[in-house]
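Input: a single structure, listed below in structure tokens.
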Amino acid sequence: MESPLLESRAQKLVQGLADGCESGTLGSATVAIYDTAWVSMIIKHVDGRDQWLFPECFHFLLDNQLSEGSWESYASLDDGILNTLAALLALKKHSNAVIPENKIDSFSLDVPISKARSYLEEKLPEWDVDSGIHVGFEILVPALLAMLETEQIYFSFPGRHLLQKLRDAKLAKFDPQMIYNGQTTLVHSLEALVSEIDFDMLSRSKTFGSMMGSPASTAAYLMHSSQWDPEAEIYLRKVIDDGEGKGNGAVPSVFPTPVFETTWILSTLFQGNYSVNTLGADQIDRTISYLQDQFQKQKGVLGFAPSVLPDADDTAKTILTLNHLGGKTDPEQMIKHFKTKQNHFCTYPGERNTSFSANCNVLQALLSCHDAQKYTSEISSVTAFLCDSWWTGTARDKWNHSLQYSMMLLSGALMRLLELCDQGVLKLSAALLQDQVSVVLTQLVNRTLLTQCHTGAWDANELLEATAYGVLTLAAVFPLPWIECLKEDIRLAMQKGQRFLIQAQGDWNKPQYLWIEKVTYGSPRLSEAYCLAAMRPSISSHAWSKQISNLVHVTEKSISKFSKLISSLMIFQGEPLWRLKASAIEGYAFLPLLKSARMDILPRQKGARNKYLDFIPCTWVLINNHKGLFLQANLVWDMMVLTMCNFRVDEYMETVVAKFSEEGLESVKSAIHSLCAQEKINGIQTKKRPHEDSARATNGTSQQPETNSDNGSSALASFKAIMGYYINAMLNYPRIQHASLTDQNHLRSELQTFLLAHVAQIEDNARFSVQEPQSPSTTAIFVSTRRSYYEWAHTVGANSVSCPFSFAFFTCLLGSSLSSTPHPADCFSSIHQNYLARDLCAHLAVMSRLYNDYGSFARDRAEANINSVNFAEFHGPYTHSYSKQEDESRKEIQLKADLLVLARHERQMADSVGEKLLVNLRTSGSSKDRSEADGVSLFMGVTALYADIYVARDLSNHVEKAQ
183 MESPLLESRA QKLVQGLADG CESGTLGSAT VAIYDTAWVS MIIKHVDGRD
233 QWLFPECFHF LLDNQLSEGS WESYASLDDG ILNTLAALLA LKKHSNAVIP
283 ENKIDSFSLD VPISKARSYL EEKLPEWDVD SGIHVGFEIL VPALLAMLET
333 EQIYFSFPGR HLLQKLRDAK LAKFDPQMIY NGQTTLVHSL EALVSEIDFD
383 MLSRSKTFGS MMGSPASTAA YLMHSSQWDP EAEIYLRKVI DDGEGKGNGA
433 VPSVFPTPVF ETTWILSTLF QGNYSVNTLG ADQIDRTISY LQDQFQKQKG
483 VLGFAPSVLP DADDTAKTIL TLNHLGGKTD PEQMIKHFKT KQNHFCTYPG
533 ERNTSFSANC NVLQALLSCH DAQKYTSEIS SVTAFLCDSW WTGTARDKWN
583 HSLQYSMMLL SGALMRLLEL CDQGVLKLSA ALLQDQVSVV LTQLVNRTLL
633 TQCHTGAWDA NELLEATAYG VLTLAAVFPL PWIECLKEDI RLAMQKGQRF
683 LIQAQGDWNK PQYLWIEKVT YGSPRLSEAY CLAAMRPSIS SHAWSKQISN
733 LVHVTEKSIS KFSKLISSLM IFQGEPLWRL KASAIEGYAF LPLLKSARMD
783 ILPRQKGARN KYLDFIPCTW VLINNHKGLF LQANLVWDMM VLTMCNFRVD
833 EYMETVVAKF SEEGLESVKS AIHSLCAQEK INGIQTKKRP HEDSARATNG
883 TSQQPETNSD NGSSALASFK AIMGYYINAM LNYPRIQHAS LTDQNHLRSE
933 LQTFLLAHVA QIEDNARFSV QEPQSPSTTA IFVSTRRSYY EWAHTVGANS
983 VSCPFSFAFF TCLLGSSLSS TPHPADCFSS IHQNYLARDL CAHLAVMSRL
1033 YNDYGSFARD RAEANINSVN FAEFHGPYTH SYSKQEDESR KEIQLKADLL
1083 VLARHERQMA DSVGEKLLVN LRTSGSSKDR SEADGVSLFM GVTALYADIY
1133 VARDLSNHVE KAQ
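Start counting the sequence shown at 183; every next residue gets the next number (this note's numbering).
Set out below in structure tokens:
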């Protein structure tokens, strides 16, 4: 698309901003049934008679009811419910009113009322109240339900109790005086407080005739004040005429929004490399003068329109926009008004949920200041908050439905942060940059690349504005130094996205329902601005210092080595190479953090080479990305830590515990029973670990107990100290503490079983090693076994590979992360889910043992360890030794082939049971169950991946054999 055409459209957009700011009519939010319904209910007493003030609003409602009885659900069920509740109330008010003029036959309203009721009776039980994010829904819906009950319409649904709890919490500290002074966002939602406040006390809360720019709130004010307010009537008439309805009777949820639209659009166009001259210097001067004037009048803090309650979001965007044009705008008042005790920023004081995007905009604003180093403390704390939000999966924003919007803002902010650190302007902790920022930026690259649709669009609905977010995200992260091998793929993805936008250029100004108010809305101006910016984004090049380029130390050789191995596996054959490389880079971003944590729980054993360490983060990342699960970073990180600990336990058992005498092993088993029974291990103090919420970095020191104390304590005492520390760390891991008691007890049981299985395997190895010596080149038969092969494979063999323990730990992580109550439910709460989960785990565990034995065949024989093929059941007629090497080779091939058949059987069983569990979880109707399904899918995928890798190569450490 030619630049002159883009520039012409951008100029026209800015011209509209300048004109709208001066006329006071700037506001392009789409119309909302919810607010239109409220405005339609206003009655005015004129010449001794009541009359509907805005009958055109009610006619709009009647004309736009859908065949199913609802009104439009713009982007979510929440929209449909709010719109239909408000419209139903308006229908009942009109049906029951005694107003001769403009009277609509009540009989003609019976069918629309009945259909609306039927819709709500069906949809309210399906509504996931806990996931609601719309502005004030927790007070708006209860108020509507109460008002409908006065009209003899009642609704009962499962989420109503929780809804009432949310309402009570919202209003727990409510003081009407706050509203009368206009210093609360509740002014924007007065329709929810009809029975709580004196509307005659609200005149001081008005701004330009409105109640915080809300048509619904202003309508409630007019309806319930004893004195008519002509300013409010004029405001509503202006909204009907000048809002996006343009006189058709419909109104938006907010109007006007000059500060919001001006700052968002200008900062976006600047991001798209449009200069002042390109946009029109005169028009830019007019809009900038407007912003400067408002910034001064409101003493450094702004709302979405003049004189409305200030917020951090609009204030930050104003600072960013002014500073982009060379201003030296002071952020001190923004910091004073909106910085919280937790050191991040609130959009409005007293809000229920913190806005991720507002904090991104605050960070951008602080970084844009000419004296940014002055605000290092705020920059550091906001960066930490944003990274932690990303790690915990809470980056989805309260003001925009698209996660890509949050990703776009975060990528721009963090890239600017790196630039200032590289220039020496900012000095932030190495832990913050390496352990958090580098991981987040790498995941932003991968999430964006991997979620692009084949059409070039982003978003399942292929929304143009969301696609523009994706292109702008990739443009922002393009200069990252450690993604060099992906840059051509990033260019291609951007071009593909731009082609999608070009094909629909006539629809750029078609509003996209992404923005969140009381109901979801879109803005034709915002949509066009993002599309224009995405067509010519600013892609900078940067000569990074080693300080920044080494945050993720990855070489082309290591990436190619990993990609070559993975691409050889059946499941990844045909997978584009760039996708494997992208996951490998992301895995390496976690590696420094994992290396710093490796000594925190168990000591490294002499002779262990830790060749598995590089693979651990890559495997979890690979499946998370390959399956499109994109589970939060801290969940994946926790499983990386657990996997590393599992390898280290195996090392410790083979190098230390295996040297114990038979009597000593009995004492070890008693110690395991005792340690696993304790709530806290006496004398062992845990410290903050890199994998805990508040500290993801370590200085490399370890507080683990010494393996030998100064007073010459026994090996058993050393075992108790080390294992006690490990058991305590596992059972008291911070992010499993909100799991149900049942799940935590199951974890304790599986941990004990895991450790005891290791001891049992050591005992089996000991009996195996004292059998009559056989040739090292032959496969010995385990004649002194106490179990059949089947029994061994399903007990000692399965439990010692850690799968059941790991699954129990993962279950606690899932249950804990999804819990929002003081008494959490079990992760798998139904009998069917629980049974299938246990059955799945059993098959995965046996599968893992069999594949592990297949991969470690040669190593086990060299080290005289028990392997599946040592059991007599594998030998059948091959019970005699072979004199010729080629006969033994043929036998070895047959043994491994037989083992692989069994392994594949267990894999098929695991896949079958797993699919049943996934279907059960995904069709239950619960968002919690759907999230658990993603977790189960991740665990199954990683377990299967390790099985495939073990066939390709042995990851286990070769350790010094116990004598």
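Ideal placement from N, C-alpha and C gives every residue a C-beta, glycine not left out.
In DSSP terms, what residue i is bridged to
{"i": "R231", "result": "V228"}
{"i": "I698", "result": "T702"}
{"i": "F527", "result": "K521"}
{"i": "V213", "result": "P434"}
Nearest to residue i (by Cα), restricted to the options the options
{"i": "F242", "options": "I665, A214 and D260", "result": "A214"}
{"i": "K521", "options": "H552, E413, R707 and F567", "result": "F567"}
{"i": "G509", "options": "L404, C713 and I501", "result": "I501"}
{"i": "T266", "options": "L273, W253 and M822", "result": "W253"}
{"i": "S750", "options": "Y915, I517, Y1132 and L549", "result": "Y1132"}
{"i": "D464", "options": "L199, A642, T630 and L244", "result": "L199"}
{"i": "N582", "options": "T503, L708 and S471", "result": "L708"}
{"i": "W309", "options": "D292, A613, F337 and G429", "result": "F337"}
{"i": "Q474", "options": "T511, V490 and L461", "result": "T511"}
{"i": "S371", "options": "V317, F390 and T445", "result": "V317"}
{"i": "S723", "options": "F660, T400 and L1026", "result": "F660"}
{"i": "G1123", "options": "S1030, D1080, K1110 and R1043", "result": "S1030"}
{"i": "N947", "options": "F964, I295 and A1134", "result": "F964"}
{"i": "C203", "options": "A853, F442 and S550", "result": "F442"}
{"i": "L733", "options": "T624, Q1076, Q814 and V607", "result": "T624"}
{"i": "A859", "options": "C827, L898 and N927", "result": "N927"}
{"i": "L291", "options": "S571, S277 and E304", "result": "S277"}
{"i": "L1127", "options": "P799, C994 and F842", "result": "P799"}
{"i": "K777", "options": "K274, C827 and G704", "result": "C827"}
{"i": "S745", "options": "L762, G756 and T737", "result": "L762"}
Cβ distance (whole Å) where residue i is taken to contact residue j below 8 Å
{"i": "L654", "j": "A595", "result": "Incorrect: roughly 13 Å between the Cβ atoms, too far for contact."}
{"i": "W220", "j": "A398", "result": "4 Å"}
{"i": "H784", "j": "I918", "result": "Strictly speaking, residue 784 in this sequence is Leu, with His absent from that position. Not confirmed; about 18 Å, so no contact."}
{"i": "W690", "j": "C713", "result": "4 Å"}
{"i": "V701", "j": "Y301", "result": "With 8 Å as the limit, V701 and Y301 do not qualify as a contact, their Cβ atoms being about 16 Å apart."}
{"i": "V196", "j": "I561", "result": "That belief does not hold up - the Cβ atoms of V196 and I561 are roughly 30 Å apart, past 8 Å."}
{"i": "L448", "j": "T366", "result": "Actually they do not touch by this definition, with Cβ atoms about 29 Å apart."}
{"i": "N363", "j": "T574", "result": "Actually they are not in contact, since the Cβ atoms of N363 and T574 sit about 36 Å apart, beyond 8 Å."}
{"i": "A432", "j": "V376", "result": "The Cβ separation is near 23 Å, so there is no contact."}
{"i": "I486", "j": "G395", "result": "One point to set straight first is that residue 486 is Phe, not Ile, in the sequence displayed. Right, their Cβ atoms sit about 7 Å apart."}
{"i": "E373", "j": "A402", "result": "4 Å"}
{"i": "A494", "j": "F527", "result": "5 Å"}
{"i": "S185", "j": "R718", "result": "7 Å"}
{"i": "R629", "j": "Q546", "result": "Not a contact, Cβ separation roughly 20 Å."}
{"i": "L330", "j": "L271", "result": "6 Å"}
Beta carbon proximity, residue i to chain D, threshold 8 Å
{"i": "A325", "result": "Going by chain labels, chain D is absent from the structure shown, which holds only one protein chain."}
Any non-hydrogen atom of the ligand NAP closer than 7 Å to residue i Cβ
{"i": "A657", "result": "Absence of the ligand NAP from the depicted structure is noted, as is the absence of any ligand whatsoever, leaving it without description."}
Report the start-end ranges of each alpha helix (DSSP H) in the region 1104-1142 that is 4 residues or longer and not cut off at the edges.
The region 1104-1142 contains these whole alpha helix (DSSP H) runs: 1109-1134.
Threshold first: 3 residues or longer. Then list the beta strand (DSSP E) segments lying entirely within the region 582-665, N to C.
If one requires a minimum length of 3 residues, no beta strand (DSSP E) run lies completely within the region 582-665.
Which full runs of the alpha helix (DSSP H) of 4+ residues lie inside the region 382-414, going along the chain?
Listed in chain order, the complete alpha helix (DSSP H) runs (minimum 4 residues) inside the region 382-414 are 397-406.
Taking 8 Å as the cut-off, does the region 449-457 touch the region 473-484 (at least 3 CB pairs, one atom from each stretch)?
No contact exists between the region 473-484 and the region 449-457.
Could you pull out every unbroken beta strand (DSSP E) segment of at least 3 residues lying fully inside the region 667-743, listed in chain order?
List check, beta strand (DSSP E) in window: nothing returned.
Inter-stretch contact at 8 Å, needing at least 3 Cβ pairs: the region 1090-1100 / the region 1051-1058
No, the region 1090-1100 is not in contact with the region 1051-1058.
What ranges does the alpha helix (DSSP H) occupy inside the region 408-479, keeping only unbroken runs of at least 4 residues that lie completely in it?
Fully enclosed alpha helix (DSSP H) runs of 4 or longer: 412-424, 440-453, 458-461 and 463-479.
Taking contact to mean at least 3 C-beta pairs separated by less than 8 Å, is the region 606-616 in contact with the region 641-659?
Segments in contact, no.
Spell out a yes or no on whether the region 831-846 and the region 795-808 are touching, meaning 3 or more CB-CB pairs, one atom from each, closer than 8 Å.
The region 831-846 and the region 795-808 do not touch, with fewer than 3 CB-CB distances between them shorter than 8 Å.
Decide if the region 339-356 is in contact with the region 400-418; the criterion is three or more beta carbon pairs, one per stretch, under 8 Å apart.
Taking 8 Å as the limit for Cβ pairs, the verdict is that the region 400-418 does not touch the region 339-356.
Could you say if the region 1100-1120 and the region 999-1011 meet the contact criterion of at least three C-beta pairs nearer than 8 Å?
Touching, per the Cβ criterion.
Output the residue ranges of the beta strand (DSSP E) runs that lie fully inside the region 755-799 and measure 3 residues or longer, sorted by chain position.
Positions of the beta strand (DSSP E) runs, each at least 3 residues long and wholly inside the region 755-799, cannot be given because no such run exists.
Three or more beta-carbon pairs under 8 Å between the region 977-994 and the region 1013-1027, yes or no?
Segments in contact, yes.
Where are the alpha helix (DSSP H) runs, 4 residues long or more, that stay fully inside the region 800-839, in chain order?
The region 800-839 contains these whole alpha helix (DSSP H) runs: 815-837.
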